[in-house]
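Numbering that gives the first Met the number 0 puts the first residue of the sequence shown at 0, with every later residue one more than the last.
Ideal Cβ placement from N, Cα and C applies to all residues, glycine included.
The model shown is predicted, which means the values in this text are computed figures rather than measured ones.
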Amino acid sequence: MNSKSGIQIYLPGNESKFIELLPCDVDHTYKATEIGKKFFRFYCENSFAKKQRRAEYYLKKGEIAITMHDVGKTNYMDIIAKGEDITEKEIKAIKEGHVFDGFFILADLKMPQDICTTALCHHEDWNGNGYPIGERAKMNGQKIPFYARSTRLIDFVETGVNNNRLCTRSRIINHGTNLSKADKFDAVILEMNENYADYFDPVALDIFNAMMAEHEIRRNVIKDLEAPEKNYFEVHVPEEIMKIGTK
Ligand SMILES: [Fe+2]
Ligand SMILES: [Fe+2]
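Here's what the structure looks like:
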């Protein structure tokens, strides 16, 4: 176990990089990744990649993309560590900055384009009201890269249940204080479908809802959300993911 809090990224060719993050962000990233892995698998089994011989490649790429989506926060550790003393101006700086910083950190690691753009676009909304691009250049619908659209949805669920106000621009969903994680999860799913549906890729939302109708997967997702806080984990990036043009 590493004494610092963060993600150890093992790149092909014995290179590695440690991304230092606050425990709450490591925990958020880990849980979002666990849910994301289930989501991408279900997506592949039920849609475009059903007969896709490279389904495992898409799954692994999705997992790496979601694992890396908030790495840009590494540049804002001092501000985030202020906790309750953080100002609205600083929150805005982190929200708008971490997506660009994540993009450049991943580009420096020579990650493939769709992993870099997941960091850049995971707060873009299907309806075009997201950030950092949003209305400025009509970033909406399928113009938002696929992994970023999927990460937007998973991010919403994880942060909705765990109420991490720095992870999403969505308003905080007001849960009763005594609700279990399972009850909070149900409240978030309801909210997502009733009041936020236009934020998300409708296909991704349908697939997510269908996945949640599978009792065993639902149970496992709730288990992911209930798990004790994680402050360190490792990710091994396969060589195949780094190669350009392997789609
Ligand atoms: Fe983010
Ligand atoms: Fe996030």
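Legend entry - Candidates PHE232, PRO237, GLU83 and VAL236: closest to HIS27 by CA position: The residue given as residue 27 occupies position 28 in the sequence shown. Comparing Cα-Cα distances from HIS27 to each of PHE232, PRO237, GLU83 and VAL236, the minimum goes to PHE232.
Legend entry - Residues near LYS81 by beta carbon distance below 8 Å, same chain, minus five either side: Your numbering for residue 81 matches position 82 in the sequence shown. Cβ within range, chain order: GLU89.
Inset, instruction - On the DSSP bridge assignment, give the partners of HIS235 in chain order. - result: For this step, residue 235 is matched to residue 236 along the sequence shown. HIS235 is bridged to TYR9.
Inset, instruction - List the whole-angstrom C-beta distance separating THR158 from HIS68, where the pair is believed to meet the contact cut-off of C-beta under 8 Å. - result: Against the sequence shown, residue 158 aligns to sequence position 159. Against the sequence shown, residue 68 aligns to sequence position 69. Not a contact, Cβ separation roughly 12 Å.
Inset, instruction - Reducing DSSP to helix, strand and coil, say where GLU123 ends up. - result: Position 124 of the sequence shown, counted from the start, is the residue given in the question as residue 123. DSSP places GLU123 in coil when its eight states are reduced to three.
Inset, instruction - May I ask whether a heavy atom of ligand 1 can be found less than 8 Å away from the beta carbon of VAL160? - result: Translated into the one-based positions of the sequence shown, residue 160 becomes position 161. Result no, Cβ not under 8 Å from ligand 1.
Inset, instruction - Specify, as a first and last residue, the run of the beta strand (DSSP E) that ILE143 falls within. - result: In the sequence shown, the residue the question calls residue 143 occupies position 144. Careful: ILE143 lies outside any beta strand (DSSP E) and carries neither H nor E.
Legend entry - Three-state secondary structure (DSSP) of PHE17: By one-based count along the sequence shown, residue 17 stands at place 18. In the structure shown, PHE17 sits in a strand (DSSP, three-state: E or B).
Inset, instruction - Pick helix, strand or coil for ARG40, following the three-state DSSP scheme. - result: Sequence index remark: in the sequence shown, residue 40 carries index 41 (1-based). In the three-state DSSP reduction, ARG40 falls in the helix class (H, G or I).
Legend entry - Cβ neighbour criterion (16 or more within 10 Å) applied to GLU123: For the purposes of this step, residue 123 is taken as the residue at position 124 of the sequence shown. Per the 10 Å Cβ criterion, buried.
Inset, instruction - Determine the closest residue to PRO111 out of ALA64, THR86 and PHE39, with distance taken between C-alpha atoms. - result: Here residue 111 refers to the residue found at position 112 when the sequence shown is read from its first residue. Closest option to PRO111, Cα to Cα, is ALA64.
Inset, instruction - Starting from LYS109, trace the alpha helix (DSSP H) both ways and give me its first and last residue. - result: As a first step, residue 109 is located in the sequence shown; it is residue number 110 there, counting from the start. Premise fails: LYS109 is in no alpha helix (DSSP H) and is neither H nor E.
Legend entry - Contact test: GLU64 Cβ vs ligand 2 heavy atom, cutoff 8 Å: The count along the sequence shown starts at 1 and reaches residue 64 at position 65. Checking the sequence, you will find Ala at residue 64 rather than Glu. Taking 8 Å as the cut-off, the C-beta of ALA64 does not count as close to any heavy atom of ligand 2.
Legend entry - Local Cβ density within 10 Å of GLU33, reported as buried at 16 or more and exposed below that: What you label residue 33 is simply residue 34 of the sequence shown in a count that begins at 1. Buried, by the Cβ-count rule.
Legend entry - Distance CB(LEU20)-CB(VAL98) smaller than 9 Å: One-based indexing of the sequence shown puts residue 20 at position 21. One-based indexing of the sequence shown puts residue 98 at position 99. No, Cβ-Cβ distance for LEU20 and VAL98 is not below 9 Å.
Inset, instruction - Inspect the beta-carbon positions of GLY35 and LYS72 and report whether they are closer than 9 Å. - result: Along the sequence shown, one-based indexing puts residue 35 at 36. Along the sequence shown, one-based indexing puts residue 72 at 73. In this structure, LYS72 does not lie closer than 9 Å to GLY35 by Cβ.
Inset, instruction - Determine the closest residue to VAL160 out of GLU95, TYR9, ILE188 and PHE103, with distance taken between C-alpha atoms. - result: Translated into the one-based positions of the sequence shown, residue 160 becomes position 161. Closest by alpha carbon: ILE188.
Inset, instruction - Under the assumption that VAL236 contacts TYR9 (Cβ atoms under 8 Å), give the Cβ distance between them as a whole number of angstroms. - result: Here residue 236 refers to the residue found at position 237 when the sequence shown is read from its first residue. Here residue 9 refers to the residue found at position 10 when the sequence shown is read from its first residue. Yes, VAL236 and TYR9 are in contact; Cβ-Cβ is about 7 Å, under 8 Å.
Legend entry - Secondary structure of PHE199, DSSP reduced to three states: Sequence index remark: in the sequence shown, residue 199 carries index 200 (1-based). Residue state, collapsed to three classes: coil.
Inset, instruction - Confirm the yes/no value for this check: CB of LYS30, any heavy atom of ligand 1, distance under 8 Å. - result: Position 31 of the sequence shown, counted from the first residue, corresponds to residue 30. No, ligand 1 has no heavy atom inside 8 Å of this Cβ.
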